[in-house]
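As structure tokens, the structure follows; a few thoughts come after it.
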DNA sequence: GATTAAAACCTAATAGCTTTAGGTTTCTCC
DNA sequence: GGAGAAACCTAAAGCTATTAGGTTTTAATC
């Protein structure tokens, strides 16, 4: 029985690719075993269980997304940075729908504390600081931003916009304008 | 073999309750069969397959949510109506997490064309008309509203806000303020 | 009440997935 | 070469979804 020379990273990467090709739910231990030419049970040498594998794909996606955002927002501020950050999310979701779907599941504690998650939060805060929001309001703004972006992408991915007029791109621009407006007119300290 | 006197509606309602109690993924044909004291295969007399059952739970949830929104926004306009509509969503998601989760799946064509879906859209448009948005902008605004609300609730449900400061309620208020601001300052025709 | 047909139920089977326990093989180090 | 660890396999158990065909119940008609 020749060794397939698997490692956790190799298995996780294959799972991510499988998700992008066939959907997040297509990540199964049995499908991956077929892909590597080993028995399903053999994969437990490399991943604790299916749930841990999915957590790992999520963390991989967080890191990749953070990388893309870092590049996208470099040298930009306010509306430009907001657009760049949001577009990075949307491009990622469109290019890697399976990886993006992995981001929608509840995060394990280790993932919340991961380097990748920390980077993503830091980049988002950096972008928002360009709007001179009160320090105490930054978390609220971060949550709104995340909610709007992910909410929009979730609807888009679910086909809620279908092939209906107006095109989703225009709605996306409107959403970004709305966010920009909201951040520029954010109520100051004590006014809420 | 006594008849369990099942009907599609009875099965769908039980599925919805099961989802609220144990999570959306807990809706399985076998769990429902155990609940009714019949064999799993017997349920196929009442539902086409699992997917169709989940579609039906979604449509049930759409109708219930529309009912609640209709009551909540009655007699209100602008910021009040917006708050009432959004709070109806959030209250529903918190009281019926399983039903709410059913709303997140891609809608079947029959669901998109359902009475319930139509009512929900009409109610949302009615609320938005209180902002005097240009007619051509209403769909964009509807999409932004849906995205923000559902995005926020998805994050909340996923535990993204955890038990972290600041409390999610405050962030919710901020989000509603942001939406109100966005709708009041929505770019007029030709400015986007 | 008897008959008929349809619907609701059951049985059996198939196919697929996840995971555990214990056995076998491969690889690395001494 | 030997020892030990890790990676692999086999076997089994448990769960789910679904189909095909058989059995039972029910409602309608005469």
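Residue numbers (full-length UniProt numbering), protein chains in the order written: chain R, 1 to 192; chain P, 1 to 192.
Ideal placement from N, C-alpha and C gives every residue a C-beta, glycine not left out.
The structure displayed is predicted, hence computed values, not measured ones.
Can you list, in chain order, the residues of its chain with a C-beta nearer than 8 Å to that of residue 16 of chain R? Leave out the 5 residues immediately preceding and following it. 57, 60, 61, 96, 98, 99 and 102
Whose CA, out of P/144, P/66 and P/135, lies closest to the CA of residue 171 of chain R? P/144
Looking only at its own chain, which residues have a Cβ that is under 6 Å from the Cβ of residue 4 of chain P, when we skip the five neighbours before and after it? 36 and 38
I believe residue 18 of chain R touches residue 9 of chain R by the beta-carbon criterion, under 8 Å. Please report the beta-carbon distance rounded to the nearest angstrom. 15 Å between Cβ atoms; not a contact.
Which residues mark the beginning and the end of the alpha helix (DSSP H) in which residue 75 of chain P is found? Neither: residue 75 of chain P is in no alpha helix (DSSP H) and is coded neither H nor E.
Residue 70 of chain R and residue 125 of chain R closer than 8 Å at C-beta: no
Using a beta-carbon distance below 8 Å, is residue 151 of chain P in contact with chain R? yes
Using the C-alpha atoms, what's the distance from residue 51 of chain P back to residue 174 of chain R? 34 Å
Is residue 88 of chain R near residue 107 of chain R, with beta carbons less than 8 Å apart? no
Taking three-plus beta-carbon pairs below 8 Å as touching, is the region 128-138 of chain P in contact with the region 127-137 of chain R? no
Looking at C-beta atoms only, is the number of pairs between the region 18-28 of chain P and the region 158-169 of chain R that lie closer than 8 Å three or more? no
Cross-chain neighbours of residue 163 of chain R in chain P, by beta carbon under 7 Å: Those within 7 Å of residue 163 of chain R in chain P number zero; the least Cβ separation is about 12 Å.
Which residues in chain R sit within 7 Å of residue 24 of chain P, going by Cβ to Cβ distance? Residues of chain R passing the Cβ test: none, with the nearest at roughly 12 Å.
Considering just the uninterrupted stretch of the alpha helix (DSSP H) at residue 10 of chain R, what are its terminal residues? 8-22
Near residue 86 of chain R, which residues of its chain fall below 7 Å by C-beta distance, leaving aside the five closest residues on each side in sequence? 149 and 176
Using beta-carbon positions only, say whether residue 181 of chain P and residue 185 of chain R come within less than 8 Å of one another. yes
In chain order, what residues of the same chain have a beta carbon less than 8 Å from the beta carbon of residue 111 of chain R, not counting five sequence neighbours either side? 55, 58, 59, 62 and 117
For residue 137 of chain P and residue 164 of chain R, what's the separation of their Cα atoms in angstroms? 14 Å
Which bits of chain R does residue 134 of chain P rub up against, with CB to CB less than 9 Å? Correct list: empty, because the minimum Cβ distance to chain R is about 11 Å.
Closest by C-alpha distance to residue 65 of chain P, when choosing among P/92, P/41 and P/46: P/92
Using 10 angstroms around the beta-carbon of residue 34 of chain R, count the other beta-carbons present and answer buried if the total reaches 16, otherwise exposed. exposed
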